[in-house]
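> The structure follows.
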DNA sequence: TATTTTCCGTTGCAAAAGCAACACATTATG
DNA sequence: CATAATGTGTTGCTTTTGCAACGGAAAATA
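Protein chains in written order, with our numbering: chain A, 7 to 216; chain B, 7 to 216.
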């Protein structure tokens, strides 16, 4: 079921017709939003790339999610239970729509075209998010750094329909995304190269197995 | 926004009125379903507890998700990209509704009460799942076994509104849920006790800090 | 109730991952 | 363009984790 076209149109409608929204642009490295208890914000990334980042008390930085076009984020999706900072950082110039989730559903009682579109399309958008999160969990449940790398590469390879692909992260960020120590990850990358499983040219990875 | 009552009613409606469904009972340890490519099944757990379990090629068992009342699962939420076995195992007697996702949305073009309810309530149900998955990711991104345990305990404590709570897992299963070695986890549990951070009486944990 | 199976708790040893530090390359920025 | 900031690649050492194995407790089952 390819719903991409539907979703494109829906988001356009959404971004043009809803009153209770804000549309903002951000440049690279700007903070798009910080997660705040009880605010219940819902955001749609119209364009660009951004990361949800957590800074914990040990000083570790974790990239919790990586967002690209049409990704959803905001407190609606996240029950905040710690004092860890959670922020969304723009990784490129990007455009974001902001809503308060409760508004959307209160207005849903009216029968306007916009809200009809909304209730038809939001499930699919959220569903995409769920599958993303499940892929993320599959990554994180790999027991070793090596397996995390291989799983991640295999995912990118599938997504690109090619054994060759660009990393969407710097290596430093990749470590924060896999939730491992950077130097340990570099060591493992070297081993993967030595074992002839991958090649790495700059930002480009080539899978050599299977 | 408390939507629990709505969702209860919706699920009742759902389970009584939809033609293209199956309702089945399972007893403890039975396999509820196996994830199969391109089937696109959607399941609702009406009652009981069940786990989504992955067996990987290294022989590791991972509890990917833990489901309780009203949880959603099935291939709709999961893009299968490996040959790892993914199965849902009943952890107690349970009742499950089975649908094929595509059917649900094709029928949505009609205006029957059931599908109106569906499109109103499914987003909220899925949203609950998203927040669950995000909590899961927060757990898995903890860098050490110790932090995973503490984070998990803190979650259960918040959920129970008490520093004392029952583990919903056997210790063996808990290790598979945190994606760590069981013996290493036991060692860490012992250290937590020795450091005076927790007490453990049978299946019951008592948090001693803060 | 007897017996098999699963789970708990522990340990020694090996392997993996984290930490800290550094040099060098690359990329931003005044 | 000069300089600062950030990212890459590497290494020695320490700590954590995983593995294998075992005995006993508890639970399921015949």
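Where a beta carbon is used, it is the ideal one built from N, C-alpha and C, also for glycine.
So, residue 158 (chain B) versus residue 86 (chain B), is the Cβ gap smaller than 9 Å?
Working through the second chain from its first residue, we reach residue 158 (chain B) at position 152. Working through the second chain from its first residue, we reach residue 86 (chain B) at position 80. Their beta carbons are not under 9 Å apart, which means residue 158 (chain B) does not touch residue 86 (chain B) by this criterion.
> With DSSP collapsed to three states, give me the class of residue 39 (chain A).
By 1-based counting over the first chain, the position of residue 39 (chain A) is 33. Strand, per DSSP.
> Report the neighbours of residue 75 (chain B) on chain A: residues whose CB is nearer than 9 Å to its CB, in chain order.
In the second chain, the residue the question calls residue 75 (chain B) occupies position 69. Simply none; closest approach about 18 Å.
> Residue 59 (chain A) bridges to which residues according to DSSP?
Mapped onto the first chain, residue 59 (chain A) falls at position 53. The partner list for residue 59 (chain A) (beta bridge, DSSP) reads A:69, A:93.
> If you measure beta-carbon to beta-carbon, which residues of the segment 63-74 of chain B are closer than 7 Å to chain A?
Hits within the stretch, in order: 66, 68, 70.
> In terms of alpha-carbon separation, which member of A:138, A:47, A:148 lies closest to residue 93 (chain A)?
Start at 1 with the first residue of the first chain, and residue 93 (chain A) comes out as number 87. When each option's Cα is compared against that of residue 93 (chain A), the closest is A:47.
> Are the segment 190-206 of chain A and the segment 130-148 of chain A in contact at 8 Å, needing three or more beta carbon pairs?
Short answer: they don't touch.
> Which residues bound the alpha helix (DSSP H) around residue 215 (chain A)?
Taking the first residue of the first chain as position 1, residue 215 (chain A) is located at position 209. Counting along the chain, residue 215 (chain A) falls outside any alpha helix (DSSP H), and DSSP gives it neither H nor E.
> Leaving aside the five residues before and after residue 176 (chain A) along the sequence, list all residues of the same chain whose C-beta is less than 6 Å from its C-beta, in chain order.
The residue you call residue 176 (chain A) lines up with position 170 of the first chain. Once the five neighbours on either side are set aside, residue 176 (chain A) has no close Cβ partner at all.
> Compute the Euclidean distance between the alpha carbons of residue 201 (chain A) and residue 156 (chain A), then round it to the nearest angstrom.
Here residue 201 (chain A) refers to the residue found at position 195 of the first chain. Here residue 156 (chain A) refers to the residue found at position 150 of the first chain. Going by the C-alpha atoms only, they are around 13 Å apart.
> Could you say which of B:173, B:144, B:191 lies nearest to residue 211 (chain B) if we only look at CA atoms?
Working through the second chain from its first residue, we reach residue 211 (chain B) at position 205. Closest by alpha carbon: B:173.
> Using 9 Å as the threshold, is the C-beta distance between residue 186 (chain B) and residue 96 (chain B) below it?
Position 180 of the second chain, counted from the first residue, corresponds to residue 186 (chain B). Position 90 of the second chain, counted from the first residue, corresponds to residue 96 (chain B). Contact: no.
> Could you compute how far the alpha carbon of residue 51 (chain B) sits from the alpha carbon of residue 81 (chain B)?
Start at 1 with the first residue of the second chain, and residue 51 (chain B) comes out as number 45. Start at 1 with the first residue of the second chain, and residue 81 (chain B) comes out as number 75. Cα to Cα, the separation comes out at about 14 Å.
> With DSSP run on the structure shown, which of helix, strand or coil describes residue 166 (chain A)?
Within the first chain, residue 166 (chain A) is the residue found at index 160, counting from 1. Correct three-state label for residue 166 (chain A): helix.
> Any idea if residue 140 (chain A) is buried or exposed, counting beta-carbon neighbours within 10 angstroms, 16 or more meaning buried?
One-based indexing of the first chain puts residue 140 (chain A) at position 134. Label assigned to residue 140 (chain A): buried.
> Provide the residue span of the beta strand (DSSP E) that contains residue 206 (chain B), from first to last.
For this step, residue 206 (chain B) is matched to residue 200 along the second chain. Note, residue 206 (chain B): beta strand (DSSP E), 204-207.
> Is it buried or exposed, residue 91 (chain B), if we count other Cβ atoms within 10 angstroms and call 16 or more buried?
As a position in the second chain, residue 91 (chain B) is number 85, starting the count at 1. Residue 91 (chain B) is exposed by the Cβ-count criterion.
> How is residue 34 (chain B) classed by DSSP in three states: helix, strand or coil?
Locating residue 34 (chain B) in the second chain gives position 28, where the first residue counts as 1. Note: residue 34 (chain B) maps to coil in three-state DSSP.
> Just to confirm, are residue 183 (chain A) and residue 72 (chain A) a CB contact at a threshold of 9 Å?
In the first chain, residue 183 (chain A) corresponds to position 177, counting from 1. In the first chain, residue 72 (chain A) corresponds to position 66, counting from 1. Yes, Cβ-Cβ distance for residue 183 (chain A) and residue 72 (chain A) is below 9 Å.
> What are the residues of the segment 83-108 of chain B that lie near chain A, defined by any Cβ-Cβ distance shorter than 9 Å?
Listed in sequence order: 83, 84, 85, 87, 88, 90, 107, 108.
> Could you check if residue 108 (chain A) is buried or exposed, using at least 16 other CB atoms within 10 Å of its CB as the buried criterion?
Taking the first chain and counting its residues from 1, the one referred to as residue 108 (chain A) is at position 102. Its Cβ having fewer than 16 others within 10 Å, residue 108 (chain A) is exposed.
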